[in-house]
Amino acid sequence: MNSSAIGPAGTHLSLRRSLTLLTLLFYGLAVIVGAGIYVAIASVIDRAGDATPLSFLLAGIVAGLTGLCYAELASRFPEASGAAAYVMHGFGSNRLAQLTALALTVAIAIAAASIASGSVSYLSKLIGLSATALTTLLVVGFTMLAMLGVRESASLSAAIGVLEILGIAVATWVGFLTAPDLNVEGMLPSSVAGWQGVVGGSFIAFFAFIGFESLVNMAEEAKEPRRTIPYAIVGAIVVSTLLYIAVSAALVLADRGGESPLIGLFQGSHASLFAAVGSLAIANGVLVEIMMLARLFYGMARRRQLPAFLEQVNPRTRTPIVATALAGAIVLAASVLIPFKQLVGFANTLTLGIFVLVDLALWRIQNTRPTGERAFAVARWVPPVAAASAVALIFANLFA
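Under my numbering, think of the first position of the sequence shown as 43, with each following residue one higher.
Pasting the structure below:
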């Protein structure tokens with residue numbers, strides 16, 4: 043397949059390979075952590091209670107199994123269209139690949155709407171503008187930033203990711219300091235209802251891990267993608283899981299809940315400062331979602347699964363300008379129009395369904411094609427177990 047795109051004057055332009063392993067790792071952490079703890083933690087505590095750390099651990103295991111599948115697929119097929127390309131390679135169905143891309147678009151739009159709304163809830167504590175105005179400024183600003191160049195936008199996202207991690211580290215430290223005691227045994231459920239809460243909480247906590255799959259869409263802009271993308275995926279999931287367990291344990295031990303449990307750890311100016319960090323962390327997720335959606339459109343246009351104008355690459359910035367503009371427009375519409383609180387569960391279910399398809403695609407590929415010499419490979423039991431765990435989480439939520 044030609045890895046280039048048509049420029050404005052008919053010239054063939056490719057995306058610029060400028061992303062290193064470290065940049066990709068913090069880029070992945072930026073969207074995972076920003077969309078996770080800062081947005082979903084209150085709902086997970088509400089459902090799982092003192093067992094919240096177990097919910098994040100269970101969700102991390104499910105995400106980790108599929109993350110390993112994405113890692114091998116990204117190493118075999120380093121393509122911008124990500125999951126849609128993997129389904130095409132695995133099942134040989136152009137229609138199924140297009141349906142996967144449609145499902146991804148809906149899931150990303152809803153996730154971005156949720157993230158934008160979460161950021162606005164933090165920003166509204168600092169800036170006296172309406173939610174619609176704040177959301178519009180946020181999405182338009184990040185869409186323009188995504189057009190400037192992948193190195194600039196990804197590096198900024200990674201830098202914000204470092205700030206996010208520092209914020210979570212400080213919150214964890216404050217939570218443990220203010221906890222009346224460190225009764226870890228109280229986090230273990232003692233009843234069937236308690237374990238049901240853990241499973242139900244893990245379904246919501248799974249939203250906190252949505253984002254690692256965005257790394258595969260950067261494969262055509264990464265240096266040594268067969269190596270850097272897989273290790274960035276695995277590293278981002280492992281680090282974010284450890285962060286989630288630590289900070290959720292601190293919140294539970296400090297007896298913090300309510301709508302904004304993280305801000306509840308702080309008082310006065312410290313609370314305002316943390317709200318500022320939280321709004322920046324969550325807003326960063328919007329940037330990543332726009333970039334991910336744009337690369338999906340670009341990659342599919344190259345496969346002739348979407349109109350050709352979406353594969354146009356700007357000769358100066360070497361970014362898919364038209365695809366980025368479309369992605370920004372979709373995210374803005376979703377953020378302003380969709381009642382995201384009612385649809386987060388739907389986004390989770392849709393994403394888990396996509397993960398099942400990707401897992402099964404790898405399972406078929408492993409049984410029919412040899413692993414490339416430089417490819418990242420996982421054991422053959424991983425894809426079916428990953429698919430089964432994702433299906434189990436979907437059904438377990440119905441009875442939690």
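Beta carbons are placed, not taken as given, at the ideal position from N, Cα and C, and that holds for glycine.
Does the distance from the C-beta atom of G109 to that of V276 stay below 8 Å? Your numbering for residue 109 matches position 67 in the sequence shown. Your numbering for residue 276 matches position 234 in the sequence shown. Against a cut-off of 8 Å, the Cβ pair of V276 and G109 comes out as a contact.
Do you know whose CA, among A336, V212 and S156, lies nearest V289's CA? Translated into positions along the sequence shown, residue 289 becomes position 247. If we check each option's Cα against that of V289, V212 comes out closest.
Anyone know if the C-beta pair for G70 and A323 falls short of 8 Å? In the sequence shown, residue 70 corresponds to position 28, counting from 1. In the sequence shown, residue 323 corresponds to position 281, counting from 1. A323 sits away from G70, with the two beta carbons spaced by 8 Å or more.
Since L61 sits in a beta bridge, which residues does DSSP pair it with? Against the sequence shown, residue 61 aligns to sequence position 19. For L61, which the question treats as bridged, DSSP gives the partners A264.
So which of S256, A421 and G243 has the shortest CA-CA distance to E28? Any answer about residue 28 is impossible in this case: the structure gives the chain only from 43 up to 442.
Could you give the DSSP three-state label for S159: helix, strand or coil? Within the sequence shown, residue 159 is the residue found at index 117, counting from 1. Looking at S159 - three-state DSSP - the assignment turns out to be helix.
Beta-carbon proximity list for T142, same chain, < 7 Å, skipping 5 on both sides: Position 100 of the sequence shown holds residue 142. Only A125, A126, V129, I396 and L399 meet the Cβ criterion.
As a quick exercise: from I287, A221 and I252, pick the residue whose alpha carbon is nearest that of I87. Position 45 of the sequence shown, counting from 1, holds the residue named residue 87. Distance check between I87 and each of I287, A221 and I252 places I287 closest, using alpha-carbon atoms only.
For V328, the first and last residue of its enclosing alpha helix (DSSP H): Mapped onto the sequence shown, residue 328 falls at position 286. Element bounds for V328: G310 to R344.
First and last residue of the alpha helix (DSSP H) that includes P412? For this step, residue 412 is matched to residue 370 along the sequence shown. Careful: P412 lies outside any alpha helix (DSSP H) and carries neither H nor E.
Are the CB atoms of V192 and L61 nearer to each other than 8 Å? Within the sequence shown, numbered from 1, the residue matching residue 192 stands at position 150. Within the sequence shown, numbered from 1, the residue matching residue 61 stands at position 19. Contact flag set, yes.
Touching or not, the segment 90 to 100 and the segment 234 to 246, by the rule of three or more beta carbon pairs under 8 Å? Contact between the segment 90 to 100 and the segment 234 to 246 is present, with at least three C-beta pairs closer than 8 Å.
For L392, which of A325, A428 and A432 has the nearest alpha-carbon? In the sequence shown, residue 392 corresponds to position 350, counting from 1. Ranked by Cα distance from L392, the first of A325, A428 and A432 is A432.
Identify, in the order they occur along the chain, each residue of the same chain with its Cβ nearer than 6 Å to the Cβ of P267, setting aside the five sequence neighbours on each side. Working through the sequence shown from its first residue, we reach residue 267 at position 225. Within the same chain, P267 has close Cβ partners P120 and A261.
Which residues in the same chain as L190 place their Cβ atom closer than 7 Å to its Cβ, once the five residues preceding and following it in sequence are excluded? Walking along the sequence shown from the start, residue 190 turns up at place 148. Here the set comprises T359.
Identify whether P349 lies in helix, strand or coil by the three-state DSSP scheme. Start at 1 with the first residue of the sequence shown, and residue 349 comes out as number 307. Three-state DSSP puts P349 in coil, outside helix and strand.
Flag this pair as yes or no: are the beta carbons of L295 and L224 separated by less than 8 Å? Here residue 295 corresponds to residue number 253 of the sequence shown, with the count starting at 1. Here residue 224 corresponds to residue number 182 of the sequence shown, with the count starting at 1. Yes, the pair counts as a contact, with Cβ atoms nearer than the cut-off.
Pair within 8 Å by beta-carbon distance, V181 and A196: For the purposes of this step, residue 181 is identified with residue 139 of the sequence shown, where counting begins at 1. For the purposes of this step, residue 196 is identified with residue 154 of the sequence shown, where counting begins at 1. Their beta carbons are not under 8 Å apart, which means V181 does not touch A196 by this criterion.
In its own chain, which residues sit with a C-beta less than 6 Å from the C-beta of G209, not counting the 5 before and 5 after it? In the sequence shown, residue 209 corresponds to position 167, counting from 1. Answer for G209: V319, listed in chain order.
In chain order, what residues of the same chain have a beta carbon less than 7 Å from the beta carbon of A151, not counting five sequence neighbours either side? The residue you call residue 151 lines up with position 109 of the sequence shown. So the qualifying residues of the chain are I372, V373 and A376.
Range covered by the alpha helix (DSSP H) that runs through S233: Along the sequence shown, read from residue 1 onward, the residue named residue 233 stands at position 191. No alpha helix (DSSP H) contains S233, which DSSP labels as neither H nor E.
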